[in-house]
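Reading through the structure tokens given below for one structure.
Structure follows, in structure tokens:
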């Protein structure tokens, strides 16, 4: 059996085909590209038999209240090839920690938690059943691209469906007569050669414009991000020349929106492993450890640890099997290179950068790599508080505001830190969407529209505040 398995792996690795490297653009050209893009890969899951299931997996919520408890939980997370999937982290006492535990590790996990007297509760008893519940709630119309907003947001859509819906928005709203200009840019290719798209919305206004960037879908399993960004996009398009506030926003700002930064990972989370987080890049490593790592699932990079600002200095792993693996170098991933290059050449006009993740209901500023606060922290927090107040009024959902490190945990190489520290975008935010942990990454489809509604309310106020304060001419 062992000989047959090794033979299969050798054949799989031997079929890898190298394709041409991307042409360097202004930002990525600064550092060498060590990524080896591939056209076709025989996945380790295909060798082992297909889709990943989570029968009997349980998500626990822990509450460390003593330093020794916090240290123990951190040791579990930092353990080489840890068997635990950390959904929510704690950087200080009194913060919740959510951990997904497999059936084979439950007995040991519960024994150690009880021995250390760590407060615990079950959030999700059986993860596979929760995933199936979400799937059974899906109410997909026959044609999700029929330009019916309500229908489109009834379900989590595939990357292809989202692309077609963006095309429909361009067709419907791009109008020289109305003065509304809508364009879909192809800014690059993913590792698996999917087109990477950015939607641009601008108007024929005579006002000298700044621009605002929105993105989501950086982490594959955070499904609520892409429909939320698309909801905001459609509200902006529908509201021009109808809602005076929206008209004012679009006459002052150009909007760039990238609903899915990591399409390979997103599609993989739909078809094979619902809990996948990283990209799907594969690199050549013919060492013995690299060979075993490849077989063991050593695929992909955490894109939100891959940006070239304080890369690899905190909260990022050098172990390629870990979910927070920062990559072999900054901007090793074609997805992060494409995003950063597009922004970097437009950086002088960029006023705000908003990246949407899940979950925890947080509205955060830089820095992520250190406890230090950015120079205009007070201004950013003031606007974030106004935005979250408007958000809460819609459905009562409450958010916390603060810096990433102080609210969540230290994490270097993040896109928000890069946007603020390198592209010099003065208002840079990471927004962790619903929920606060009941469903975590497996948020039911019934939350899609309410999340879009409340997040749009917050983003709308943020954009209005930037206009009214004339802050769209400032720098950090």
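Numbering (mature numbering (1 follows the signal peptide of the UniProt record, and there is no 0)), first residue to last: -20 to -1, 1 to 456. Even for Gly, the Cβ is constructed at its ideal location relative to N, Cα and C.
| Query | Result |
| --- | --- |
| Closest Cα partner of residue 281 within the set 262, 290, 295, 289 | 262 |
| Three-state class that DSSP yields for residue 180 in the structure shown | strand |
| Pairwise C-alpha distance: residue 190 and residue 167 | 20 Å |
| Secondary structure of residue 222, DSSP reduced to three states | coil |
| Those runs of the beta strand (DSSP E) which lie wholly inside the segment 186 to 222 and span at least 3 residues | 190 to 196 |
| Nearest neighbour of residue 244, chosen from 253, 237, 236 [CA to CA] | 253 |
| Sequence-distant residues of its chain with Cβ nearer than 8 Å to residue 298 (five each side left out) | 292, 305, 306 |
| Contact set for residue 250: own chain, Cβ-Cβ below 7 Å, skip 5 residues either direction | 138 |
| Status (buried if at least 16 other CB within 10 Å, exposed otherwise) for residue 9 | Here the model assigns residue 9 a pLDDT of 44, short of 50, so the residue's position is not dependable, and the following value carries that caveat. Label assigned to residue 9: exposed. |
| Span of the alpha helix (DSSP H), counted from its first residue to its last, around residue 244 | 243 to 251 |
| Residue interval of the beta strand (DSSP E) (run including residue 79) | 77 to 81 |
| Limits of the unbroken alpha helix (DSSP H) element including residue 375 | 357 to 375 |
| Residue 142 - containing alpha helix (DSSP H), residue span | 139 to 153 |
| Residue 26 (DSSP reduced to helix, strand or coil) | Only weak support is given to the placement of residue 26: the predicted model assigns it a pLDDT of 35, under 50, and the question is left unresolved by the model. |
| 6 Å Cβ shell around residue 110 - same chain, five flanking residues per side excluded | 104, 422 |
| Chain-order list of residues whose beta-carbon lies under 6 Å from that of residue 432 (same chain, five-residue window excluded) | 208, 211 |
| 6 Å Cβ shell around residue 296 - same chain, five flanking residues per side excluded | 285, 304, 306, 392, 393 |
| Alpha helix (DSSP H) segments (min. 4 residues) lying fully within the segment 256 to 339 | 268 to 275, 314 to 324 |
| Sequence-distant residues of the same chain with beta carbon closer than 6 Å to residue 4, five excluded per side | Residue placement at residue 4 is flagged as unreliable, the pLDDT there being 38, under the threshold of 50; the coordinate-derived value follows with that caveat. Cβ neighbours of residue 4 beyond the five flanking positions: none. |
| Simplified DSSP state of residue 343, which is helix, strand or coil | strand |
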